[in-house]
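Be aware that the sequence shown starts at 3, since it is given in the numbering used here, and climbs by one per residue.
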Amino acid sequence: MDLNEPKIAEEPKDFVRAEFSKGAYIFTEGEPGDLAYVIQKGSVEIVKGLIDKTRLGTRSKGEVIGEMALFDDSARIATVIALEDTVVIGISREAFQGRLNAMDPPMRAIMENLVSRLAELSVRMVTSKTPDNWKKRS
Numbered sequence: 003m004d005l006n007e008p009k010i011a012e013e014p015k016d017f018v019r020a021e022f023s024k025g026a027y028i029f030t031e032g033e034p035g036d037l038a039y040v041i042q043k044g045s046v047e048i049v050k051g052l053i054d055k056t057r058l059g060t061r062s063k064g065e066v067i068g069e070m071a072l073f074d075d076s077a078r079i080a081t082v083i084a085l086e087d088t089v090v091i092g093i094s095r096e097a098f099q100g101r102l103n104a105m106d107p108p109m110r111a112i113m114e115n116l117v118s119r120l121a122e123l124s125v126r127m128v129t130s131k132t133p134d135n136w137k138k139r140s
């Protein structure tokens, strides 16, 4: 065993590992969501619009996508596409809620309040079509 080799933590049993090829859709705007993902390898593009796509941003290793699915039953507000071969670790709403419920009640209340505010701001930004927050993808 090489002690200089990075150790890869084993995923908890309620997490799921998934691999996506370049160009694959990880999830699509409008579909129901019950998983959030941590990008373990690769990068993704977040777009709004199923035909005339507008790039909202990109995410890469260590970042989270689809996190709003952990908190409510709302449909996905954007589409996420792999920009390169990408590996993600997914956690379901049920597993996340179980961990959240195990938190200290005041901390859980603060977290839920922050997420609610973030969700409201995200929806406002995604549904607003101002030049300041949307850039056309070429």
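The beta carbon of each residue, even a glycine, is placed where N, CA and C say it ideally should be.
Going by DSSP in three states, residue 119 sits in which element: helix, strand or coil? As a first step, residue 119 is located in the sequence shown; it is residue number 117 there, counting from the start. It is helical.
Counterpart residues of residue 59 in DSSP-defined beta bridges: Along the sequence shown, read from residue 1 onward, the residue named residue 59 stands at position 57. 48, per the DSSP bridge assignment.
I need the straight-line Cα distance from residue 23 to residue 34, nearest angstrom please. As a working mapping, residue 23 is identified with position 21 in the sequence shown. As a working mapping, residue 34 is identified with position 32 in the sequence shown. Cα to Cα, the separation comes out at about 22 angstroms.
Kindly indicate which residue of 89, 93, 102 and 127 has the alpha-carbon position closest to the one of residue 26. On the sequence shown, position 24 is the one that residue 26 refers to. Out of 89, 93, 102 and 127, 89 has the C-alpha closest to the C-alpha of residue 26.
Give me the Cα-Cα distance between residue 44 and residue 92, rounded to the nearest whole angstrom. Your numbering for residue 44 matches position 42 in the sequence shown. Your numbering for residue 92 matches position 90 in the sequence shown. About 15 angstroms.
When you compare the CB positions of residue 58 and residue 67, do they come within less than 8 angstroms of one another, or not? As a position in the sequence shown, residue 58 is number 56, starting the count at 1. As a position in the sequence shown, residue 67 is number 65, starting the count at 1. Contact: no.
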